[in-house]
Amino acid sequence: MVWPTRFKCSPTPLASWPSRRHEQGIRSSIRWLLSSAHRRACPSCRNRPKSIRAVSLRFVARMVSTCWDRRPRRDPRPMSWVNTAPADNRDDRLGRSSSGGIGKTVGMKHALTIPPYGELSDPAALVELAVAAEQSGWDAVFVWDHVLRRPDDPQEAADAWVAMAAMAVATERVRLGPMVTPITRRRPIKLARECTTLDHLSGGRLTLGLGLGVDTTRELSAFGEVVDARERGARLDEGVELLCQMWSGEEVDFHGEHFMADRVTVLPRPVQQPRIPMWFAARGKARKPVRRAARYDGLYPIEVEEADLRSMLDVVVEERGSLDGFDVIVEPTDELPYRLLEELGITWAIMGPAPGDPAAFDMANTAPAEVFGID
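Mapping to my numbering: the sequence shown position 131 is 1106, numbers consecutive.
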């Protein structure tokens, strides 16, 4: 049997598919990929863990049933090309505006954000969503990172980081990341390793969303984590500084109030240099989170009103001099319509279903222009 080129180990997709395929043939190809004989025969897979090569048969069957062969062709460049340009091309790779300030965006990117609860707690379903979103034209798929949804109403939930690893293997173009991860309940070395591994696994497509976290669902206090907002802020600042040092590939000798790293070198470095881009969440009228975000790569205002958004942008410009090379991520609302966000220079429009809403599949299979109501 001649195996379809798409299912060989070359990262370059087949330029043209056969006009018709049968599910049975696809399943046979997948079984070959998962077989020990294939692993022995293929140099690129010989030393690769089986979990990295695994592809869900259910996922493949769904792709076939939705006429995947009639969908737009993927980028013919190898996956290793994605987002690995030199650091001076970073703005182009991340889709940022480089034209200088409010009202001068080159066009917004579109992100789908997924709450992994209820029906969406199935990791295979999250992978399907990511693939569907990529093929529908979305630019990023982000996943909520909470350990509890509602203590009074327990729900099934998926781990965001494990799910993103599976999504990274199944996709080639969309950016991935948590929105958002609070360092308050993480160990910096563990988070640094996870980020670097996911950045390599995705070919440099990780965006790290960070924030203070919230305790409205007791996801901090229920496990003995820090609840005080000031201390969480101090831990966030210290943790981010330590993350950046560990990603440098140089020896780290860091002794802070909350975290430490005693003369250690953390390798490998991330694919993206000088570091993995970091976006910071902010809400309300507090300015310190906005100033923190301005020191890095992006601001994610949550449930923001127009006046507060404009004020946040002013703070960023005050701190940085302009919005050049800086991302601002906002969900369009009736008060903040898509066109207004464009005028303000917002670089990313984000939207997602309610937790556990199966309509997420419809959203992922719909072009962003239709979802956002763009003319």
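Even for Gly, the Cβ is constructed at its ideal location relative to N, Cα and C.
query, result
"Tell me, please, which residues DSSP counts as bridged to Arg1150.", "Ala1115"
"Do Ala1261 and Leu1274 have their beta-carbon atoms positioned less than 9 angstroms apart in this structure?", "no"
"Among the residues of its own chain, which have a CB less than 7 angstroms from the CB of Glu1281, if the five just before and after it don't count?", "Glu1310, Leu1311"
"Could you give the C-beta distance for Val1155 and Gly1178, rounded to a whole number, given that I count them as a contact under 8 angstroms?", "Not quite, the Cβ-Cβ distance comes to about 23 angstroms (not below 8 angstroms), so this is no contact."
"Helix, strand or coil for Pro1157? Go by DSSP, reduced to three states.", "strand"
"Decide if Gly1348 is buried, meaning its Cβ has at least 16 other Cβ atoms within 10 Å, or exposed.", "exposed"
"For Thr1171, count neighbouring C-beta atoms within 10 Å of its own C-beta (all shown protein chains included) and say buried if the count is 16 or more, exposed if not.", "buried"
"Are the CB atoms of Ala1324 and Met1083 within a distance shorter than 9 angstroms?", "yes"
"If contact is defined by three or more beta carbon pairs under 8 angstroms, each pair taking one atom from either stretch, is the stretch 1123 to 1143 in contact with the stretch 1208 to 1223?", "no"
"Could you tell me the alpha carbon to alpha carbon distance between Ala1370 and Thr1341, rounded to whole angstroms?", "Look at the range of the chain in this structure, 976 to 1350, and you will see that residue 1370 is not part of it."
"Take every Cβ of the stretch 1284 to 1299, pair it with every Cβ of the stretch 1227 to 1235, and state whether three or more of those distances are shorter than 8 angstroms.", "no"
"Which residues in the same chain as Phe1198 place their Cβ atom closer than 8 angstroms to its Cβ, once the five residues preceding and following it in sequence are excluded?", "Val1122, Arg1160"
"Here's the rule: buried if 16 or more other CB atoms are within 10 angstroms of the residue's CB, otherwise exposed. What is Ser1096?", "buried"
"Consult DSSP for Thr1171 and reduce its assignment to one of helix, strand or coil.", "helix"
"According to DSSP, simplified to helix, strand and coil, what is Glu1226?", "strand"
"What distance in whole Å lies between the Cβ atoms of Trp1113 and Val1149, which are believed to be in contact at a cut-off of 8 angstroms?", "6 angstroms"
"Let me check you understand the geometry: is the CB of Gln1220 closer than 8 angstroms to at least one non-hydrogen atom of the ligand FMN?", "For the structure depicted, the ligand FMN is absent and the ligand set is empty, with no information on it obtainable."
"Should Thr969 be labelled buried (16 or more other beta-carbon atoms within 10 Å of its own) or exposed?", "For residue 969 there is no data in the structure shown, the boundaries of the chain being 976 and 1350."
"Unbroken beta strand (DSSP E) runs of length 3 or more, entirely within the stretch 1195 to 1283: which are they?", "1226 to 1230, 1235 to 1240, 1253 to 1257, 1273 to 1276"
"Can you tell me which of Ala1100, Gly1300, Arg1270, Glu1194 puts its alpha carbon nearest to the alpha carbon of Asp1212?", "Arg1270"
"Are Ala1135 and Pro1163 close, meaning C-beta to C-beta below 9 angstroms?", "no"
"State the Cα-Cα distance for the pair Ala1335 and Ala1100, rounded to the nearest angstrom.", "10 angstroms"
"Taking the alpha carbon of Met1253 as the reference point, which residue from Asp1237, Arg1267, Glu1206 has its own alpha carbon closest?", "Arg1267"
"Closest Cβ-Cβ distance between Cys1219 and chain E: below 9 angstroms?", "Here there is only one protein chain, and chain E is not present."
"Quick one, which of Arg1244, Phe1255, Gly1214, Arg1250 has its alpha-carbon nearest Ala1351's?", "Given a span of 976 to 1350 for the chain in the structure shown, any question on residue 1351 remains unanswerable."
"Measuring straight from C-alpha to C-alpha, what distance separates Arg1285 and Pro1264?", "15 angstroms"
"Let me check one thing: in DSSP terms, what residues is Leu1181 bridge-paired to?", "Leu1151"
"Select from Cys1219, Thr1182, Pro1098 the residue whose C-alpha is nearest the C-alpha of Val1303.", "Thr1182"
"If Gly1331 sits next to Tyr1092, beta carbons under 8 angstroms apart, how far is it from one beta carbon to the other, in whole angstroms?", "5 angstroms"
"Where Leu1032 and Ala1329 are concerned, what is the direct C-alpha to C-alpha distance, given to the nearest angstrom?", "Any reading at Leu1032 needs caution, since the residue's pLDDT is 42, under 50, leaving its predicted position unreliable; the model's value is listed next. Approximately 28 angstroms between the Cα atoms of the pair."
"DSSP three-state label for Gly1186, please.", "strand"
"Using DSSP with H/G/I as helix, E/B as strand and the rest coil, what is Leu1298?", "coil"
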